[in-house]
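In what follows, a single structure is set out as structure tokens and then discussed.
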Amino acid sequence: MSRPYDSMEPKVMDDDMLKAAVGEQGPQEEAGQLAKQEGILFKDVLSLQLDFQNILRIDNLWQFENLKKLQLNNNIIERIEGLTNLIHLVWLDLSFNNIEAIEGLDTLVNLEDLSLSNNRISKMDSLDALVKLQVLSLGNNQISNMMNIIYLRRFPCLRTLSLAGNPVSEAEEYKMFIYAYLPDLVYLDFRRVDEQMREMAKMKHQYSIDELKHREAQMQIKLEEEQAKQEKLEEHKMAFVEYLNGPFLFDSMYSEDVEGNKLSYLPGVRELLEAYKDKFVIICLNIFEYGLNQQEKRKVELDTFNECIQEAILENQDQGKLKVAKFEEKHLLNLNAIREETDLSNIEKKLTECTESIGELFNTLMILEMQLVEQLEETINIFERNITDLVGLFIENVQSLIAQCRDLENHHHEKLLEIAINTLEKILKGEMDEDLPDDVRALFVDKDTIVNAVGASHDIHLLKIDNREDELVTGINSWCAHLVDKIHKDEIMRNRKRVKEINQFVDHMQSELDNLECGDIID
């Protein structure tokens, strides 16, 4: 759809355009003038109007992190992009542009009203993240597939829809189809849905809707199952034992083992493999269960630590509040006494007393903070020792269990090599009764070839076991190091913030005292 101003030079969404727009749309009274003088922070802007600007590309909006309403209608925009950071956006108007596809909206989970009318869109999709969507305007586009309307059933909050001016709206069944398949819709094409027509549509399409509901229910069950599975996997990852609750590690040892799979055709190897796998999987399950158990212990340790930290901070804050309350009560009386005092020497004496009292309060609060720092430092050190010991014990015991996996692999290697050598001797003597695939028989040229094949299989298995051990050990050591580092950094930040609060409070008290002018006091 051609715009009347397409011949104009396309404009870039740069800082100058954004500042001008914010300035024009801001308050015009004294507060607005002050904001213009001091500069307006884009992060504080809640509404932004950029219509009729001949904008070709959406850009430079990342600083508007708290924006709720954005108007970009009547431009020449070709793609929906550059909106990733606008997670608080509730209202978005992109009507009267040159957009051909719906995209770039995945982070706008709070969007309630979306206007894309008068564009070149031919398909409704890529809106899945908009779970709060209530109003969708897609009039005057190129949507022609009636079945595409069914896509909108996934938006439970959708109440207003506009599709007028699309090829699909010219179909005879257009309204009845929408009434039937979007039963919660209140307005269609700017008119309230007729309830009698809705019931007629529902009856007409009852069979198809029942089938659709059945499929949707099945899909929902599968989705919930997949989500539950994913949540479980995340739990296992937190314990660093993912994919150890079954034959996954064992199967991975053979997934890339070409020689090992060939050797499985040798007489007696199938039975040997089954026994090996059973024992191997039992060890993996032991690691898995032990890992979950240790994860729970680490969680309890961390929860207990956080509770201790919070209790200490709250107790210290209560002591500080009590000291401040007593100070403020006394300080207020002193200020009143100063205001009522007429003798200048007495005023100066009382001012000095107040200043000393403020200094004493500062010292008291700082002493309390120093005591808290020492208390928390001791608590953090104890936690660090405990969590490090838990991690160390976990690694030690897991490595012992993984060593058992290696022992099983070494034992299996010896048995497999023995079977392979015996098979070679039978083949060379012509005593081999069993038929072997050609690619397996090709291994039995001489002893070196078969020994190398068995050895290559063994090396692959040991490498898989070593890699899984390294992954587990590296993972939990990294988790522990990052956790302890974060705790120390958080405490440093808490202390700095508290010291700043104390200084600001004391400075405020002293400033209030300094602002008492002798003339006002005498009056």
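Quick note on the numbering used here: the sequence shown kicks off at 412 and runs consecutively.
Each residue gets a CB set at the ideal place from its N, CA and C atoms; glycine is no exception.
Computed from a predicted model, the values in this text were never measured in an experiment.
Between the CA atoms of residue j and residue i - distance to the nearest angstrom
i	j	result
leucine 725	leucine 696	43 angstroms
methionine 535	glutamine 464	27 angstroms
glutamate 788	cysteine 719	12 angstroms
asparagine 906	glutamate 780	8 angstroms
arginine 879	threonine 885	10 angstroms
leucine 743	leucine 452	38 angstroms
serine 768	aspartate 425	54 angstroms
glutamine 444	glycine 550	Residue confidence for glutamine 444 is low, a pLDDT of 45 falling below 50, so the modelled location carries little weight; the figure read from the coordinates is stated next. One C-alpha to the other measures close to 40 angstroms.
leucine 461	glutamate 902	44 angstroms
serine 868	serine 811	23 angstroms
valine 910	leucine 762	25 angstroms
threonine 616	glutamate 627	Here residue 616 is histidine; the residue named in the question, threonine, does not match the sequence. So the alpha carbons of these two residues sit roughly 16 angstroms apart.
glycine 731	glutamine 721	15 angstroms
valine 917	glutamate 646	48 angstroms
glutamate 842	asparagine 833	11 angstroms
isoleucine 932	threonine 766	A caution first: isoleucine 932 carries a pLDDT of 48, below 50, which makes its placement in the model unreliable, though a value can still be read off. Isoleucine 932 and threonine 766: Cα-Cα distance of roughly 17 angstroms.
leucine 819	isoleucine 560	59 angstroms
leucine 772	lysine 479	44 angstroms
methionine 973	aspartate 754	Residue coverage of the chain in this structure runs from 412 to 934, which leaves residue 973 outside it and unanswerable.
Nearest-angstrom beta carbon gap, residue j and residue i [assumed within contact, 8 angstroms]
i	j	result
glycine 702	valine 669	Actually they do not touch by this definition, with Cβ atoms about 32 angstroms apart.
valine 865	histidine 824	7 angstroms
asparagine 530	asparagine 509	7 angstroms
isoleucine 589	isoleucine 554	Contact doesn't hold; Cβ gap of about 12 angstroms is too wide.
phenylalanine 794	phenylalanine 716	4 angstroms
proline 790	cysteine 891	A small fix is needed here, since residue 790 is threonine in this sequence, not proline. With 8 angstroms as the limit, threonine 790 and cysteine 891 do not qualify as a contact, their Cβ atoms being about 17 angstroms apart.
leucine 883	valine 809	6 angstroms
lysine 708	leucine 801	6 angstroms
leucine 500	asparagine 521	6 angstroms
leucine 623	leucine 596	With a Cβ gap of about 16 angstroms, leucine 623 and leucine 596 do not count as contacting.
Secondary structure of residue i, DSSP reduced to three states
i	result
phenylalanine 738	helix
lysine 422	strand
tyrosine 598	strand
isoleucine 513	coil
aspartate 896	helix
isoleucine 532	coil
arginine 907	helix
glutamine 474	coil
serine 768	helix
serine 922	helix
glutamine 915	helix
valine 680	helix
serine 756	helix
serine 458	strand
valine 546	strand
glutamine 553	coil
lysine 430	helix
threonine 715	helix
aspartate 504	strand
glutamine 607	helix
isoleucine 693	helix
serine 537	coil
serine 526	strand
threonine 571	strand
lysine 732	helix
lysine 479	coil
leucine 445	Confidence at leucine 445 is low in this model, with a pLDDT of 40, below 50, so the placement of that residue should be treated as unreliable; the coordinate-derived value is given next. Helix, per DSSP.
isoleucine 466	strand
tyrosine 654	coil
histidine 499	coil
arginine 490	coil
alanine 853	coil
Under 8 angstroms between C-beta atoms of residue i and residue j
i	j	result
leucine 503	leucine 538	no
methionine 557	alanine 591	no
asparagine 477	leucine 494	no
proline 421	isoleucine 469	no
leucine 519	leucine 497	yes
valine 680	phenylalanine 661	no
isoleucine 876	cysteine 816	yes
leucine 599	phenylalanine 566	no
leucine 516	isoleucine 491	yes
glutamate 712	asparagine 797	yes
leucine 677	alanine 831	yes
alanine 723	glutamine 786	yes
leucine 472	glutamate 489	no
leucine 655	isoleucine 698	yes
leucine 683	leucine 827	yes
| Can you give, in chain order, each stretch of the beta strand (DSSP E) that sits fully within the region 795–831 and has at least 3 residues? | none
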